[in-house]
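A.B. asks:
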Amino acid sequence: MAASTAPHVKRLALELGGNAPFLVFEDADLDVAADALIANKFRGGGQTCVCTNRVYAHAKIIDSFVDRLAQRVGDLTVGDGMDPDTNIGPLINKAGFDKVAQHVADAISQGGKRLVGGDPSPPEHNWGCFYPPTLLVGIKPEMLVCREETFGPVLAVSQFEDTTEVLQSANDTEYGLAAYVFTQDAARAQKCAAALTFGHVGINTGSGPAPEAPFGGMKKSGYGREGGLEGLLEFCEPQTVVVG
442 MAASTAPHVK
452 RLALELGGNA
462 PFLVFEDADL
472 DVAADALIAN
482 KFRGGGQTCV
492 CTNRVYAHAK
502 IIDSFVDRLA
512 QRVGDLTVGD
522 GMDPDTNIGP
532 LINKAGFDKV
542 AQHVADAISQ
552 GGKRLVGGDP
562 SPPEHNWGCF
572 YPPTLLVGIK
582 PEMLVCREET
592 FGPVLAVSQF
602 EDTTEVLQSA
612 NDTEYGLAAY
622 VFTQDAARAQ
632 KCAAALTFGH
642 VGINTGSGPA
652 PEAPFGGMKK
662 SGYGREGGLE
672 GLLEFCEPQT
682 VVVG
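Numbering (the numbering used here), first residue to last: 442 to 685.
1. With DSSP as the reference, label E606 as helix, strand or coil.
2. Would you check whether the ligand NAD has a heavy atom nearer than 7 Å to the C-beta of A454?
3. Measuring CA to CA, which of T527, Y616, G520 and V683 is closest to G658?
4. Which term fits M584, buried or exposed, when burial requires 16 or more other beta carbons within 10 angstroms of its beta carbon?
5. Please go through the region 586-662 and give each complete alpha helix (DSSP H) segment of 4 or more residues, from N-terminal end onward.
6. State buried or exposed for V683, treating a residue as buried only when at least 16 other CB atoms are found within 10 Å of its CB.
7. For E456, count the other beta carbons within 10 Å of its own beta carbon; 16 or more makes it buried, fewer makes it exposed. Which is it?
8. Should Q625 go down as buried or exposed, given a rule of 16 or more other Cβ atoms within 10 Å for buried?
9. Where does N494 fall in DSSP's three states?
10. Express the C-alpha separation of R509 and L577 in angstroms, rounding to a whole number.
11. Please report the straight-line C-alpha distance between I549 and R484, rounded to a whole angstrom.
12. If you count every other CB in all the chains shown that lies within 10 Å of the CB of E606, and 16 or more means buried, which is it?
13. Give the DSSP-derived three-state secondary structure of F463 in the structure shown.
14. Report all residues from its chain with a CB closer than 8 Å to the CB of E602; omit the five preceding and five following residues, and keep chain order.
15. For K554 and C677, I'd like the C-alpha separation in whole angstroms.
16. Look at the Cβ atom of F463, then the Cβ atom of V496, and state whether they are nearer than 8 Å.
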């Protein structure tokens, strides 16, 4: 798109997806963080641009946090999206389904463990691209679930020890759309927000962008903004008039 518009010097605002990190520190309210993560990750079956892709939990609380996640993920119901009892519907197409399956298989082959989830597409779901909500632990930076945007109902959890370490891990991606930080330490939250190279940062919330605020990405997540005053300015051409 950029190449086709360049000869005409047309301006673009591009939102190109992300690889969102979700940081949970040792002082976080774990129930609040778990509820926020489930709502953020599994809306649309994990197929939105601001969905969490990588979860980093502090070593002191990772076991307790993973227990909370396992219970919540296990309670999700897969099925027809028109059924009011359904939490997770199908993935958008076969290519998306295959990518999710590849990411899970890659993680398991490299030592990751699947705590919740199983073989995709049980017989009753053969008519669609249904992938069961999955929780993976023991995730390493080189796994596909860390390097690429999975875009499906898979939670991949890694452990960290200190703030410097987890900020380096969170920023270790070519994308920079959304990130989330859970801590009760205001100074730490401010430090994380300043250090994270993402266009949208949620502190103790998994909520996405609001219409009144500018939204867009850094790095390969795009450029330009939508929403807020900055979004309106994308459609404006400033003019300076000097009168003598």
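Virtual Cβ for every residue (Gly too), placed ideally from N, Cα, C.
Keep in mind the model is a prediction, meaning the values are calculated, not measured.
C.D. replies: Well, looking at it:
1. Residue mapping note: residue 606 aligns to position 165 of the sequence shown, counting from 1. If DSSP states are grouped into helix, strand and coil, E606 belongs with the helices.
2. This structure does not include the ligand NAD; it has no bound ligands of any sort.
3. Locating residue 658 in the sequence shown gives position 217, where the first residue counts as 1. Ranking T527, Y616, G520 and V683 by Cα distance to G658 puts Y616 first.
4. Taking the first residue of the sequence shown as 1, we reach residue 584 at position 143. Per the 10 Å Cβ criterion, buried.
5. Within the region 586-662, the complete alpha helix (DSSP H) runs of at least 4 residues fall at 604-612 and 627-636.
6. By 1-based counting over the sequence shown, the position of residue 683 is 242. Flag for V683 reads exposed.
7. In the sequence shown, residue 456 corresponds to position 15, counting from 1. That one is buried.
8. Counting from one through the sequence shown, the residue named residue 625 turns up at place 184. Exposed is the call here.
9. Here residue 494 refers to the residue found at position 53 of the sequence shown. In this structure, N494 counts as strand in the three-state DSSP scheme.
10. In the sequence shown, counting from the first residue as 1, residue 577 sits at position 136. In the sequence shown, counting from the first residue as 1, residue 509 sits at position 68. Those two C-alpha atoms are separated by around 13 Å.
11. Translated into the one-based positions of the sequence shown, residue 549 becomes position 108. Translated into the one-based positions of the sequence shown, residue 484 becomes position 43. Those two C-alpha atoms are separated by around 24 Å.
12. Translated into the one-based positions of the sequence shown, residue 606 becomes position 165. Exposed: under 16 other Cβ atoms inside 10 Å.
13. Position 22 of the sequence shown, counted from the start, is the residue given in the question as residue 463. In the structure shown, F463 sits in a strand (DSSP, three-state: E or B).
14. Against the sequence shown, residue 602 aligns to sequence position 161. Result list for E602: H499 and A500, in chain order.
15. On the sequence shown, position 113 is the one that residue 554 refers to. On the sequence shown, position 236 is the one that residue 677 refers to. When rounded, the distance between both Cα atoms is 51 Å.
16. Here residue 463 corresponds to residue number 22 of the sequence shown, with the count starting at 1. Here residue 496 corresponds to residue number 55 of the sequence shown, with the count starting at 1. Their beta carbons are under 8 Å apart, which means F463 touches V496 by this criterion.
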